[in-house]
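**Student:** Attaching a single structure in structure tokens format; questions to follow.
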Amino acid sequence: MICNFKFGALFNVLKITKLKILSFMNKFYITTSIAYANAAPHIGFAMEVCQADALARYHRMKGDDVFFLSGTDENGIKIKKTAEEKKIGTQEFVDEISAKFQLLLNTLNVSNNDFIRTTDKNKHWTAAQKLWQKLAEAGDIYKSEYEGYYCVGCEAYLTEKDLVNGECPNHKKPPEKIREENYFFKLSKYGDKIKDEIESGRLEILPESRRNEILNIIKGGLKDVSFSRPKKVLDWGVPVPGDDSQTMYVWCDALTNYISALGYGESEVHALARNGKANSYRLKPELQTLKPELRTSKQSAKNFQKYWPADVHIIGKDILRFHAAIWPAMLMSAELLLPKKIFVHGFITSGGQKISKSLGNVVDPFEVADKYSVDALRYYLLKEIPSGGDGDFSFERFEEVYQADLANGLGNLTARVLALAKISNFQFPISNQFPISNFQTTINEVWEKYEDTLNNFKLNETLNIIWKFIGVCDEYVEKEKPWGLEGDRKREVVFNLLESLRQIAWMIRPFMPEASDKIFKQLFTDEENRKKEMNKNLDEAKEWGKTEFINVKKGESLFMRL
Ligand SMILES: [Zn+2]
2 MICNFKFGAL
12 FNVLKITKLK
22 ILSFMNKFYI
32 TTSIAYANAA
42 PHIGFAMEVC
52 QADALARYHR
62 MKGDDVFFLS
72 GTDENGIKIK
82 KTAEEKKIGT
92 QEFVDEISAK
102 FQLLLNTLNV
112 SNNDFIRTTD
122 KNKHWTAAQK
132 LWQKLAEAGD
142 IYKSEYEGYY
152 CVGCEAYLTE
162 KDLVNGECPN
172 HKKPPEKIRE
182 ENYFFKLSKY
192 GDKIKDEIES
202 GRLEILPESR
212 RNEILNIIKG
222 GLKDVSFSRP
232 KKVLDWGVPV
242 PGDDSQTMYV
252 WCDALTNYIS
262 ALGYGESEVH
272 ALARNGKANS
282 YRLKPELQTL
292 KPELRTSKQS
302 AKNFQKYWPA
312 DVHIIGKDIL
322 RFHAAIWPAM
332 LMSAELLLPK
342 KIFVHGFITS
352 GGQKISKSLG
362 NVVDPFEVAD
372 KYSVDALRYY
382 LLKEIPSGGD
392 GDFSFERFEE
402 VYQADLANGL
412 GNLTARVLAL
422 AKISNFQFPI
432 SNQFPISNFQ
442 TTINEVWEKY
452 EDTLNNFKLN
462 ETLNIIWKFI
472 GVCDEYVEKE
482 KPWGLEGDRK
492 REVVFNLLES
502 LRQIAWMIRP
512 FMPEASDKIF
522 KQLFTDEENR
532 KKEMNKNLDE
542 AKEWGKTEFI
552 NVKKGESLFM
562 RL
């Protein structure tokens, strides 16, 4: 048996080597923040997952071994109170909300490998408790009396300084005054070390403005943070190991998701299972919305070894301090490696105003995707909202961008090039037997900028670069007027356009996977040929003039005109 297994494994290794993906594969672990399961998903979270997805897809295109995680944060007193108001069980409530988030990811073609839920007792709780224990063993957790203000709405302790006229400025309600026994985490101990990590660039915070912001906070001095609450006030969360009277406060619970999903704490799961204590909650089958082909092994203790540390955490600007101060301190205390990068995005306003229910300007990502197409929404969020900055959503602007860039830009070029190829009555295949064209130089420059901007998380600039190139192709058509050309000259011009379109389909692939597929289907009508194209690695895909177009066919338009 053992022998057979070994031969099987060896055979697999040989097969993989043949596919050239074994030895030089880099791992790339990317996460979104976990969405708070208190309300349906909003447009800001849609942007975050699209940004992460574009990066994950880009790294897969480069041949990296990508693990892409998203999830929902399902614990906390606010969630329990909302469920009570809605008169449903708390678990039922978070199941519903979490399913909506998973549906959003599916709808937006987000290629996450896993989705972690912090009510997952099997995978998540054991990891959170293990991490807590590590911090306690390091002497970084202590019990103390806490006295102060607590806003249930914010789920945060407020100081006198935070209050406006004695009220929480966000919720316009006086906070609760509380006095209680809590566990504290010695965050103050790690300030200098974190500063050093950030200043040295070992922990990179992007964009620069956010790096400066967190450095200023750290230089101002980090105070120890309250790490638990008495169970009598917070009884929807992870129990503190060894103390039944306390529940973990958000830090050790939520932040741990980035390692619990990778199987940190898995040996503890096995121990629990043996004792018959594991009580894993599973999604109903109809809510299991993760795409099976994108799942990696869930036997994941190995995943922690393989993928940690995170290559990048993608987060919103409101949770910078938690991710760039508390989380690194926790990891240091547990002697775990720090994430390499934290990329911070801004907020989306709607028609220039803060998005809020009371203003009636909430943008429902499902509705937009349904009305204009998923790719159109992805494009808007990635191009119109500057990566790392704030941006605005309005239907007026959305339709402008849709019309100009998608219907008249990419969509029109695709239709034009394929129509030209069709009316030219060529004998296919058509391949590059022509003198080196300017396109070859141009395309190399485009790809260079493409990779440079993506590696620096400037996704909107990447899209600008692609659309500039689309403009170059349009000008080329106008200038050459291929419909009036004859013979080889005509073949050359049409070839250059087909080859440009093929390269554009690769470039947009991380951003608009459906539109990319549609172009490939028209350029490679034969399935075998299409497969051959899709199996290319990025370097092969980028090579100008090496592809034969055997048969092309104008198909459905990429973006319907409005
Ligand atoms: Zn508040």
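Numbering (this note's numbering) for the sequence shown: 2 to 563.
Cβ coordinates follow ideal geometry from the N, Cα and C atoms, glycine included.
1. Less than 6 Å between C-beta atoms, sequence neighbours within five positions excluded: which residues of the same chain meet that for residue 543?
2. Since residue 28 sits in a beta bridge, which residues does DSSP pair it with?
3. Could you tell me the alpha carbon to alpha carbon distance between residue 231 and residue 401, rounded to whole angstroms?
4. Which ranges does the alpha helix (DSSP H) cover as unbroken runs of at least 4 residues, wholly within the segment 389–414, from first to last along the chain?
5. Would you list the residues sitting across from residue 249 in a DSSP beta bridge?
6. Work out the CA separation of residue 490 and residue 347 for me, nearest whole Å.
7. Please list, in chain order, all residues of the same chain as residue 29 whose beta carbon is under 6 Å from its beta carbon, the five residues on each side excluded.
8. Regarding residue 154 and ligand 1, is the C-beta to nearest heavy atom distance less than 6 Å?
9. Taking 6 Å as the cut-off, is the CB of residue 51 close to at least one heavy atom of ligand 1?
10. With DSSP collapsed to three states, give me the class of residue 334.
11. Compute the minimum distance between the beta carbon of residue 39 and the heavy atoms of ligand 1, and state whether it is under 6 Å.
12. Assuming residue 42 and residue 101 are in contact, meaning their beta carbons sit under 8 Å apart, how far apart are those beta carbons, in whole angstroms?
13. When DSSP builds the beta bridges, which residues end up paired with residue 147?
14. Closer than 6 Å: is that where the CB of residue 110 sits relative to any heavy atom of ligand 1?
15. Is residue 326 helix, strand or coil when you go by DSSP?
16. Since residue 157 is in the beta strand (DSSP E), which residue starts that stretch and which ends it?
17. Taking residue 113 as the reference, give the member of 141, 93, 76 and 70 with the closest Cα.
18. Please determine, among 149, 153 and 154, the residue with the shortest C-alpha to C-alpha distance to residue 162.
19. When you measure from the CB of residue 172 to every non-hydrogen atom of ligand 1, does any distance come out below 6 Å?
20. Cβ of residue 32 within 7 Å of Cβ of residue 259?
21. Which one or two residues does DSSP pair with residue 118 in a beta bridge?
22. At the level of alpha carbons, what is the spacing between residue 551 and residue 329?
23. Whose C-beta lies closer than 8 Å to the C-beta of residue 84 among residues of the same chain, with five residues either side of it excluded?
24. Do you know whose CA, among 174, 141, 253 and 326, lies nearest residue 215's CA?
25. Quick one: what does DSSP say residue 420 is sitting in, helix, strand or coil?
26. Do residue 498 and residue 553 have their CB atoms nearer than 7 Å?
27. I need the DSSP call for residue 187, collapsed to helix, strand or coil.
28. At a threshold of 6 Å, does residue 1 count as lining ligand 1 (C-beta to nearest heavy atom)?
29. Run the proximity test for residue 474: is its beta-carbon closer than 6 Å to any non-hydrogen atom belonging to ligand 1?
30. Taking residue 357 as the reference, which of 519, 38 and 44 has the closest Cα?
31. For residue 522, which residues in the same chain have their Cβ closer than 8 Å to its Cβ, ignoring the five residues on either side in sequence?
32. Count the other C-beta atoms from every protein chain shown that fall within 10 angstroms of the C-beta of residue 172, then say buried if there are 16 or more, exposed otherwise.
33. Alpha carbons only, please: which of 51, 115, 62 and 119 is nearest the one belonging to residue 74?
34. Enumerate in chain order the residues of its own chain whose CB-to-CB distance from residue 515 is below 6 Å, with the five nearest sequence positions on each side excluded.
35. Going by CA-CA distance only, name the one from 48, 35, 27 and 37 that's closest to residue 365.
36. Check the DSSP bridge columns for residue 37 and list the partner residues they point to.
**Tutor:** Checking against the coordinates, here is how it stands:
1. So the list reads 448, once near-sequence residues are dropped.
2. Looking at the DSSP assignment, residue 28 forms a beta bridge with 66.
3. Those two C-alpha atoms are separated by around 53 Å.
4. Listed in chain order, the alpha helix (DSSP H) elements of length 4 or more contained wholly in the segment 389–414 are 396–402.
5. Paired residue(s): 229.
6. When rounded, the distance between both Cα atoms is 49 Å.
7. Contacts found: 60, 65, 67 and 312.
8. Relative to ligand 1, the nearest heavy atom lies less than 6 Å away from the CB of residue 154.
9. False, no ligand heavy atom lies under 6 Å from that Cβ.
10. Residue 334 falls in the helix class under three-state DSSP.
11. Not under cutoff, so the answer is no.
12. The C-beta separation of residue 42 from residue 101 comes to about 6 Å, placing the pair in contact by the 8 Å criterion.
13. 181, per the DSSP bridge assignment.
14. For residue 110, the CB stays at least 6 Å from every heavy atom of ligand 1.
15. Looking at residue 326 - three-state DSSP - the assignment turns out to be helix.
16. Start and end: 157–159.
17. The option with the nearest alpha carbon to residue 113 is 70.
18. Considering only alpha carbons, the answer is 149.
19. Indeed, a heavy atom of ligand 1 lies less than 6 Å from the Cβ.
20. With contacts defined by Cβ atoms closer than 7 Å, residue 32 and residue 259 form a contacting pair.
21. Answer is 73.
22. Rounded to the nearest angstrom, the two C-alpha atoms are 54 Å apart.
23. Apart from sequence neighbours up to five positions away, the residues of its chain that approach residue 84 with a beta-carbon distance below 8 Å are 90, 91, 93, 94 and 95, ordered along the chain.
24. Relative to residue 215, the option among 174, 141, 253 and 326 whose CA is nearest is 326.
25. Reduced to three states, the DSSP call for residue 420 is helix.
26. With a cutoff of 7 Å on beta-carbon distance, residue 498 and residue 553 are scored as not near each other.
27. Residue 187: coil per DSSP, three-state reduction.
28. As shown, the chain starts at 2 and ends at 563. That puts residue 1 outside it, with no answer to give.
29. Incorrect: residue 474 has no Cβ contact closer than 6 Å to ligand 1.
30. Looking at the Cα atoms, 44 is the closest of the given residues.
31. The residues are 531 and 556.
32. Exposed, because fewer than 16 other Cβ atoms sit within 10 Å of the Cβ of residue 172.
33. Of 51, 115, 62 and 119, the residue nearest in Cα terms is 119.
34. The residues are 376.
35. If we check each option's Cα against that of residue 365, 48 comes out closest.
36. Residue 37 pairs with 74.
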